[in-house]
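Chains as they are written, first to last, in the numbering used here: chain A, 20 to 135; chain B, 43 to 155. Following: one structure in structure tokens, then a few remarks.
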């Protein structure tokens, strides 16, 4: 079956520092990876969509300067939260779309970020 | 822009009773609707999906029918089990690509013995 791992599952960083999170697709090739954030008391917001060999598309209110993403191959993506502040805390989900299966995203368990 | 509304934040039921979780949406494009279920400390898992108007789709005892006339995709089950306790998200993709999902706020379903 299709599995998506995210690392770390939980992390704490000091305000103003940066942290990197990873997303690994196991058992399938992910043609695209979408990164979402669930802030406290809110639903999941799309941050950006990353497709191998294409430009990464960021949603409004999210920028490459703040959330740089690397998607070097069909099984791995990473995103960094630069200069994290309190409003960046939440659960960051990675959704990987499977090659040949156009309408399904498989989600990882998320990385929970706490900013002190 | 696209939006998804889930009116219930928490639904508490006794085991064996039926349940309906509401989901309505807004989009100017042809909709593709999804229900995801997330158990504690686990990844959201796809439960149901549909883009066909007025056709019931079923999985693991849950079912939903996309009604484009009312922009709804309510999730139902005739008899809930303890293991159904989880967080349920309704999500919308404006096409059948499924890569850009707009999520509802989620409904927590708590099933009592």
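C-beta atoms are modelled at their ideal positions from N, C-alpha and C, and glycine is treated no differently. Small disclaimer: the values here were computed from a predicted structure and weren't measured.
Residue 114/A and residue 53/A do touch by the CB rule: their CB atoms are close to 4 Å apart, below 8 Å. For residue 100/B, the secondary structure class from DSSP, reduced to helix, strand or coil, is strand. An exposed status is given to residue 60/A, since fewer than 16 other beta-carbon atoms sit within 10 Å of its beta-carbon. Taking each of 145/B, 82/B and 114/B in turn and checking the Cα distance to residue 127/B, the smallest one comes out for 82/B. Closest in C-alpha terms to residue 87/A, from the list 28/A, 41/A and 22/A, comes 41/A.
Interface flag for residue 60/B against chain A is unset, since no Cβ pair is found closer than 8 Å. Think of a sphere of 7 Å around the beta carbon of residue 148/B: the chain A residues whose beta carbon falls inside it are 62, in chain order. Nearest CB-CB separation between residue 88/B and chain A: below the 8 Å threshold.
Residues 61, 122 and 153 of the same chain have their beta carbon placed closer than 6 Å to that of residue 55/B, with the five preceding and five following residues left out of the count. Around the C-beta of residue 86/B, 16 or more other C-beta atoms lie within 10 Å, and the residue is accordingly described as buried. The way I'd put it, the region 95-105 of chain B doesn't touch the region 24-43 of chain A; fewer than three beta-carbon pairs between them come closer than 8 Å. Selection 49/A, 130/A, 69/A and 65/A evaluated against residue 94/A yields 49/A as nearest (Cα-Cα). Of the candidates 96/A, 131/A and 127/A, 127/A places its Cα closest to the Cα of residue 23/A. At least one CB of chain A lies nearer than 8 Å to the CB of residue 85/B.
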